[in-house]
Amino acid sequence: MKFLLIGPPGGGKGTQAKKLSSKFNIPQISTGDMLRDHVKKLSELGRKAKKFMDNGELVPDELILQMMKKKLSSDECINGYILDGFPRTLPQAEGLNILLNEIGSNLNKVIVIEVSDDIIVDRMGGRRVHKNSGRIYHIKFNPPKNEGFDDITNEPLSIRSDDKKETVKNRLNVYHDLTKPLISFYDKNQILLTVNGEDSIENVYSNIIENL
Ligand code: AP5
Ligand code: MG
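First residue of the sequence shown: 1, per our numbering; consecutive thereafter.
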């Protein structure tokens, strides 16, 4: 199975991708997580990407396409994947189409998670993450067993550096301008599934599963 998740920053893409990944036993391919890893390792890509990420801007398409071409052609992706955060511009979607054509494959479903801007701003303030695994929590909606600590490793949780209010506002603008047009791009293929992302985490998940 090959899924793609589209949704605003903080819309719940990562949360749902992790659940779908364990249900279908396919990897979650999050460009955000991959880029944060590059930033941490101080790789050349990480150094180039950091300034865009810190400002809530998109990393240039050619860098993303290069990174994803390598990833999607790797053995890890041979049985399918869940794309979380890629593509998020029309040139990236066109690049993905070319890549899928080359390997004789296509997407099974494009899942759009809809959440309004005011709910997003509220949600982002409460997000906590476990840096090494990418596990995602929320102080109110998905709290860890011990406040401030990861459920599995018991290591401290952190706040993502781009979750500051001003950066979130910019990320939302970028989403409306550059990523939302992908919804009509994929609508042509009739593989869209739109879910109400304002519902609880469990309800969003069952809605996706029931309609896949
Ligand atoms: P990325 O990491 O992809 O960030 P994003 O798209 O802004 O989305 P988030 O990860 O912030 O949110 P999410 O939808 O995964 O929500 P989550 O499940 O965590 O990208 C970061 C940056 O990298 C970009 O700004 C850009 O610079 C760069 N980048 C990445 N990909 C790129 C690309 N393709 N091209 C160019 N640049 C790229 O949930 C959020 C919170 O809400 C959590 O606390 C969670 O517990 C909670 N929550 C989730 N669902 C619910 C629910 N239903 N009800 C209540 N709370 C919920
Ligand atoms: Mg995410």
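Glycine included, C-beta positions come from ideal geometry on N, C-alpha and C.
- Contact between G11 and I113 holds: their C-beta atoms lie close to 5 Å from each other, under 8 Å.
- The closest CA to that of P8, considering only D33, K50, D118 and I64, is found on D118.
- For K109, the uninterrupted beta strand (DSSP E) segment begins and ends at K109 to E114.
- Ranked by Cα distance from L72, the first of D37, Q28 and L42 is Q28.
- Between the alpha carbons of E147 and K188 lies a gap of roughly 45 Å.
- Going by DSSP, H138 is part of the beta strand (DSSP E) stretching over I136 to H138.
- Per DSSP, the unbroken beta strand (DSSP E) holding S30 starts and ends at Q28 to S30.
- Rounded to whole angstroms, the separation of the alpha carbons of E166 and I26 is 35 Å.
- In the three-state reduction of the DSSP assignment, I64 falls in the helix class.
- About 7 Å separates the Cβ atoms of S161 and D54, confirming a contact at the 8 Å cut-off.
- Residue environment: G104 is assigned as exposed (fewer than 16 neighbouring CB atoms within 10 Å of its CB, all protein chains considered).
- Runs of beta strand (DSSP E) with 3 or more residues, each lying fully within the stretch 132 to 168, are found at 136 to 138, listed in chain order.
- Between G32 and G85 a beta carbon distance of about 5 Å is seen, short of the 8 Å cut, so the two are scored as contacting.
- Separation of the CB atoms of L157 and V129 is rounded to 6 Å, and the pair is thereby assigned contact status at 8 Å.
- The three-state reading of DSSP puts F24 in helix, counting H, G and I together.
- Contact check for R88 and T179: beta-carbon distance about 4 Å, within the 8 Å limit, so the pair qualifies.
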